[in-house]
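Inspection log for the structure reproduced underneath, given as structure tokens.
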């Protein structure tokens with residue numbers, strides 16, 4: 005996994021025992037003199053947090069914060085849909101059916117499409133014009149808590165939604181269960197109609213799926229009629245659903261671990277020499293004497309300590325990340341044993357026979373100058389970065405005069421940015437707690453600068469400027485005080501490591517469960533978040549590493 009190998013900004017190799025890499029870079033509020041405050045034109049929807057937080061813009065649960073809420077929440081392995089009309093409630097999809105695109109060869113296809121089917125729908129008979137609210141999120145972006153309720157009624161359902169959850173959990177509060185499907189229900193606990201009472205129900209569908217429904221706080225009675233299951237009375241109880249496994253022992257594990265459920269996750273990460281450890285501490289409710297059963301992805305299983313969590317035969321398929329395997333454990337400890345120590349120069353030096361040619365070309369490129377004017381952030385960042393690499397080459401070949409000329413040109417251009425004199429200077433957005441380009445704030449300009457004003461691709465854009473700043477710091481340390489706050493503002497916006505820095509969300513782009521970052525920002529997506537340029541994510545993390553090396 006590239007996780008701790010690439011986040012080397014926070015992982016400077018040290019001789020001390022252990023370094024907590026989640027300490028704040030700063031906790032100061034961005035200076036409104038340089039970053040005028042704005043209220044974002046795209047306001048969060050359905051938000052009712054009990055505690056004010058810096059809001060995430062690039063996590064798996066952004067869809068319900070935007071627009072009508074018709075796009076999915078992808079938890080892996082489940083895909084959830086908020087039903088905006090009857091039967092209301094939530095639809096759950098857990099399918100292993102894929103539509104395949106054209107073949108490249110015998111083993112590869114150009115694309116595949118997940119088929120989202122409303123396998124099971126959970127609602128309440130009281131809901132006729134239900135509302136959704138997001139009432140909680142966790143800081144590192146593993147979880148949200150969704151509330152469904154009927155206005156002018158005490159009936160509600162609260163759902164803790166967590167990445168990798170093995171069951172879908174519903175906390176019913178004075179609400180009468182209503183369970184339906186787009187398929188046909190063939191039987192419930194072997195019955196084809198009538199009332200069924202219990203704490204465990206096997207719901208057999210005509211699509212070869214069987215779903216297990218559990219209650220945690222005593223028996224309930226369901227009436228099977230009209231291809232639906234109706235509670236016979238309002239309940240205050242916890243219901244949990246999961247798809248039945250083909251393996252009988254796996255099903256026994258589902259039965260024995262259902263009583264405890266996740267609500268969020270705390271993150272820890274530290275470094276000791278060349279070894280990095282990151283830890284997921286799952287927040288739980290229910291029977292806390294029982295250990296949590298939770299799904300892992302392949303990269304977790306490569307590094308997880310079996311002393312902290314043990315593998316089971318419980319399995320599922322993720323919509324896009326391959327096989328998932330259930331592990332039992334309340335804490336996951338994962339260790340990378342060989343962190344990168346890459347510095348400013350490539351591992352291999354340029355071949356000596358090309359030195360004269362390279363230096364001659366270097367003189368032309370630096371002497372002839374380059375347009376380092378600031379336009380959009382993406383292409384400007386690329387130009388700055390490329391010119392900074394010329395400065396690094398001049399230093400490598402000990403071309404002192406060329407280096408002085410190169411650094412002066414670069415710093416003069418950087419001055420425009422760090423003093424906010426460019427046309428679309430950065431603003432501090434008080435709605436989503438971030439630094440954004442002013443270019444996209446006008447009506448119908450959402451896509452300006454590749455959606456930067458709507459938090460798309462900051463890690464790509466800022467990576468070029470952070471590397472440029474790191475190269476300047478390496479070649480001319482006297483410039484560090486002048487640019488430090490500006491460069492570290494970009495880092496805090498995209499990659500704030502600490503919950504103590506409440507001016508920005510913790511790790512806006514990096515998804516610690518998935519092991520990589522996400523793009524898309526404040527744009528709805530029918531397929532969930534994406535990332536189309538992993539190379540630029542790596543470039544961003546490399547920039548963090550170089551900034552750490554140059555300024556430590």
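In our numbering, the protein residues as written are 5 to 556.
Glycine included, C-beta positions come from ideal geometry on N, C-alpha and C.
So, at 7 Å on beta carbons, what are the nonlocal neighbours of residue i in its own chain, with the 5 sequence-adjacent residues on each side left out?
i	result
residue 460	454, 523, 524, 525 and 527
residue 153	134, 135, 159 and 160
residue 478	348 and 554
residue 212	none
residue 537	464
residue 221	241 and 242
residue 399	407 and 479
residue 51	69 and 138
residue 315	329 and 331
For residue i, which residues from the same chain have a beta carbon less than 8 Å from its beta carbon, with the 5 sequence-adjacent residues on both sides left out?
i	result
residue 367	403 and 406
residue 534	522, 523 and 524
residue 177	158, 159, 160, 161, 162 and 240
residue 197	228 and 229
residue 32	507
In three-state terms, what does DSSP make of residue i?
i	result
residue 315	strand
residue 171	coil
residue 114	coil
residue 500	coil
residue 191	strand
residue 410	helix
residue 371	helix
residue 454	helix
residue 513	coil
residue 356	helix
residue 232	strand
residue 21	coil
residue 60	coil
residue 272	strand
In whole angstroms, what is the alpha-carbon distance linking residue i and residue j?
i	j	result
residue 73	residue 121	17 Å
residue 225	residue 545	54 Å
residue 343	residue 282	13 Å
residue 4	residue 552	Missing from the structure shown is residue 4; the chain here goes from 5 to 556 and no further.
residue 297	residue 143	22 Å
residue 25	residue 54	28 Å
residue 44	residue 471	28 Å
residue 539	residue 520	11 Å
residue 507	residue 496	9 Å
residue 457	residue 420	19 Å
residue 430	residue 511	19 Å
residue 78	residue 466	27 Å
residue 61	residue 191	42 Å
residue 543	residue 387	14 Å
residue 494	residue 375	23 Å
residue 352	residue 425	39 Å
residue 350	residue 500	27 Å
residue 206	residue 170	16 Å
residue 202	residue 462	51 Å
residue 446	residue 389	29 Å
residue 3	residue 475	Absent from the model: residue 3. The displayed extent of the chain is 5 to 556, so no value can be given.
As a quick exercise: from the options, pick the residue whose alpha carbon is nearest that of residue i.
i	options	result
residue 427	505, 379, 62 and 278	379
residue 22	325, 273 and 469	273
residue 138	377, 59 and 303	59
residue 320	333, 131, 258 and 237	258
residue 102	117, 501, 95 and 488	117
residue 210	441, 530, 418 and 189	189
residue 93	481, 33 and 174	174
residue 208	201, 353 and 184	184
residue 200	131, 234 and 168	234
residue 164	267, 170, 98 and 97	267
residue 34	547, 492 and 532	492
residue 56	514, 446, 547 and 437	437
residue 515	504, 498 and 505	498
Just to confirm my understanding: we take residue i, look at its own chain, exclude 5 residues before and 5 after, and list those with CB closer than 6 Å. What are they?
i	result
residue 63	145
residue 16	Only weak support is given to the placement of residue 16: the predicted model assigns it a pLDDT of 43, under 50, and the question is left unresolved by the model.
residue 253	317
residue 285	270 and 335
residue 337	283, 309 and 312
residue 530	75
residue 140	149
residue 1	The structure shown has nothing for residue 1, since the chain only spans 5 to 556.
residue 131	92 and 154
Any 3 or more C-beta pairs closer than 8 Å across the region 446-455 and the region 397-413: Fewer than three Cβ pairs drawn from the region 446-455 and the region 397-413 lie within less than 8 Å of each other, which leaves the two stretches out of contact.
Below 8 Å, how does it come out for the region 57-69 and the region 143-151: are there three or more Cβ pairs, yes or no? In this structure the region 57-69 lies against the region 143-151, because at least three pairs of beta carbons, one per stretch, are closer than 8 Å.
Measuring CB atoms only, is the region 34-48 touching the region 294-309, in the sense that at least three cross pairs come out at less than 8 Å? No: the two stretches stay apart, fewer than three of their Cβ pairs being nearer than 8 Å.
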